[in-house]
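Visitor: Start counting the sequence shown at 245; every next residue gets the next number (the working numbering). First, the structure itself, so that you have it in front of you.
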Amino acid sequence: MITLDSLFMLSVGQTPLDLQSFDCGRETVTNFFRNEAQAYQDELFGKTYFYVHPDNPTDVIAGFTVANASIFTKHLGNSRQKKIGYEVHHQKGLINYPAILLAQLGVDNKYKGNHLGEQIIEFVTKWFTNNRNKSGCRHLIVDAYNEPKLIDYYQRNGLNLFFSTIEQEMKYRNWNSEKDGELETRLMYRDLILLRRNTIR
């Protein structure tokens, strides 16, 4: 099995990569890595990183994009506010909780079956909770495609749905199904303080 420790991690633009050969099986993610990641980073919207093998450093094995984000709790229900602010002293309760968005995640089809996606999720959570992190970050957020298998995948990797029902999430997002169509993604989060304290909710 391939592990992240055996690979090099490079930021987009750091060195020439054969991105046009990358295909993770989902067109929107593949297209982002091939054609949009550099501009996204140039505009300071987020940073993209790729994993390559030391013996073939132009062949992209996997990639991910992270961006700053926040959880705005003012329009959340009381129970959800308490869930987001779990173990936060009441005097420190915030309207906005700092977060990191895992905006893109993809593993090339040739390398699937090595659990690289799971390894990347775990790497990102530890990356933003260690003492070298340059800013506060309480939560990891994913805007996951609204597909049962994908939702289950992220839940198995420690993330929870913001809302227990699609109707609740549509209301929060001010989503009109007649005008906007079906809800394509579901908001998910992981409270990173629990990782630091080695506890499980």
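Even for Gly, the Cβ is constructed at its ideal location relative to N, Cα and C. Just so you know, these numbers come straight off a predicted model, no measurement behind them.
Pick from Tyr-389, Ala-306 and Asp-303: whose alpha carbon is nearest that of Leu-431?
Guide: Closest option to Leu-431, Cα to Cα, is Tyr-389.
Visitor: Take the Cβ of Gln-399 as the centre, count every other Cβ of all protein chains shown within 10 Å, and call the residue buried at 16 or more, exposed below.
Guide: Under this definition Gln-399 is an exposed residue.
Visitor: Spatial neighbours of His-383 within its chain, please: CB distance less than 8 Å, with the 5 preceding and 5 following residues excluded, ordered by chain position.
Guide: Contacts found: Ile-315, Ile-328, Tyr-341, Pro-342, Ala-343, Ile-344, Tyr-433, Arg-434, Asp-435 and Leu-436.
Visitor: Please tell me whether Leu-263 and Ala-283 are closer than 9 Å, where the distance is taken between their beta carbons.
Guide: No, they are not a contact pair.
Visitor: Taking Gln-258 as the reference, give the member of Leu-248, Phe-277 and Tyr-293 with the closest Cα.
Guide: Per the Cα distances, Tyr-293.
Visitor: For Leu-261, count neighbouring Cβ atoms within 10 angstroms of its own Cβ and tell me buried if that reaches 16, exposed if not.
Guide: Burial call: buried.
Visitor: Would you call Asp-299 buried or exposed, if buried means 16 or more other Cβ atoms sit within 10 Å of its Cβ?
Guide: So Asp-299 ends up on the exposed side.
Visitor: Going by the beta-carbon positions, is the gap between Leu-349 and Ile-364 smaller than 9 Å?
Guide: Yes, Cβ-Cβ distance for Leu-349 and Ile-364 is below 9 Å.
Visitor: Where do the ends of the beta strand (DSSP E) carrying Phe-252 lie?
Guide: Phe-252 -> beta strand (DSSP E) spans 252–255.
Visitor: Per DSSP, what are the beta-bridge partners of Tyr-389 in this structure?
Guide: Bridge partners of Tyr-389: Thr-429.
Visitor: Which partner residues does Asp-435 have in the DSSP bridge list?
Guide: In DSSP, Asp-435 forms a bridge with His-383.
Visitor: How about Ile-385 and Leu-346: are their beta carbons less than 9 Å apart?
Guide: Yes, these two residues count as a Cβ contact at 9 Å.
Visitor: In angstroms with no decimal places, state the Cα-to-Cα distance between Asn-377 and Glu-366.
Guide: Rounded to whole angstroms, Asn-377 to Glu-366 spans 15 Å at the Cα level.
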